[in-house]
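Remarks on the structure that follows.
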Amino acid sequence: MKIHIATDHAGFALKEAIMEYLVEKGYDVVDHGAFSYHADDDYPEFIKKASSAVSENTADSMGIIFGGSGQGESIVANRYKNVRCALWYGGSYDIITLAREHNNANMLSLGARFISKEESIRAVQLFLDTPFSNEERHSRRINTIDIV
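Rendered as structure tokens:
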């Protein structure tokens, strides 16, 4: 399983911290940028690369993307075929669990301006550890979405 990560300037510090955590845990991480902090960079440039990579190999990859709110990043990711990107910027962790169990989310967008490093680590690990339920109704709904 490859974990594709990407960010713009707003999530850069958090991306670096999460990448270090994932590598220490033994995950195969592919960093799609930003590779250094630039206050004037634009998130689509980086998020598109990670989203494309997940889209091309949904069986063996997931994505974690970062932004100020995570909203724009999630919108970009969800433009890619077979990408189901959930958004989390704090609050109940049940949102993450349900995104995996019910929607088979394969990308998680984190709102870096609203959550701490510790909250992010918990969210990312929960996202990666929670399996899709494979319940018929959830599979049916995903298949319906995929043909739109």
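In terms of the working numbering, the sequence shown opens at residue 617 and continues consecutively. Even for Gly, the Cβ is constructed at its ideal location relative to N, Cα and C.
CB of residue i within 7 Å of CB of residue j, strictly
i      : j      : result
Lys631 : His648 : no
Ile680 : Val740 : yes
Ala702 : Ala675 : no
Tyr696 : Ser677 : no
Ala650 : Asp657 : yes
Among the options, nearest to residue i - alpha-carbon criterion
i      : options                           : result
Lys733 : Met635, Ala693, Arg757 and His620 : Met635
Gly642 : Phe628, Met617, Glu717 and Glu752 : Met617
Phe730 : Gly707, Asp624 and Ile663         : Gly707
Asn673 : Asn698, Asp762, Asp644 and Tyr705 : Asn698
Pro660 : Ser671, Val645, Asp624 and Val646 : Asp624
Buried or exposed (CB count within 10 angstroms, at least 16 for buried), residue i
i      : result
His785 : An answer regarding residue 785 cannot be provided, because it is not within the stretch 617 to 764 covered by the chain.
Gly627 : buried
Ile712 : buried
Phe662 : buried
Ser755 : exposed
Tyr705 : buried
Ala655 : exposed
Phe682 : buried
Arg753 : exposed
Ser736 : buried
Ser652 : exposed
Three or more C-beta pairs below 8 Å linking the region 715–734 and the region 669–689: With the cut-off at 8 Å, the region 715–734 and the region 669–689 touch.
Three or more C-beta pairs below 8 Å linking the region 741–756 and the region 709–719: Touching, yes.
Within the region 640–700, ranges of the beta strand (DSSP E) (whole runs, at least 3 residues): Within the region 640–700, the runs of beta strand (DSSP E) at least 3 residues long that lie entirely inside it are, in chain order, 644–647 and 677–683.
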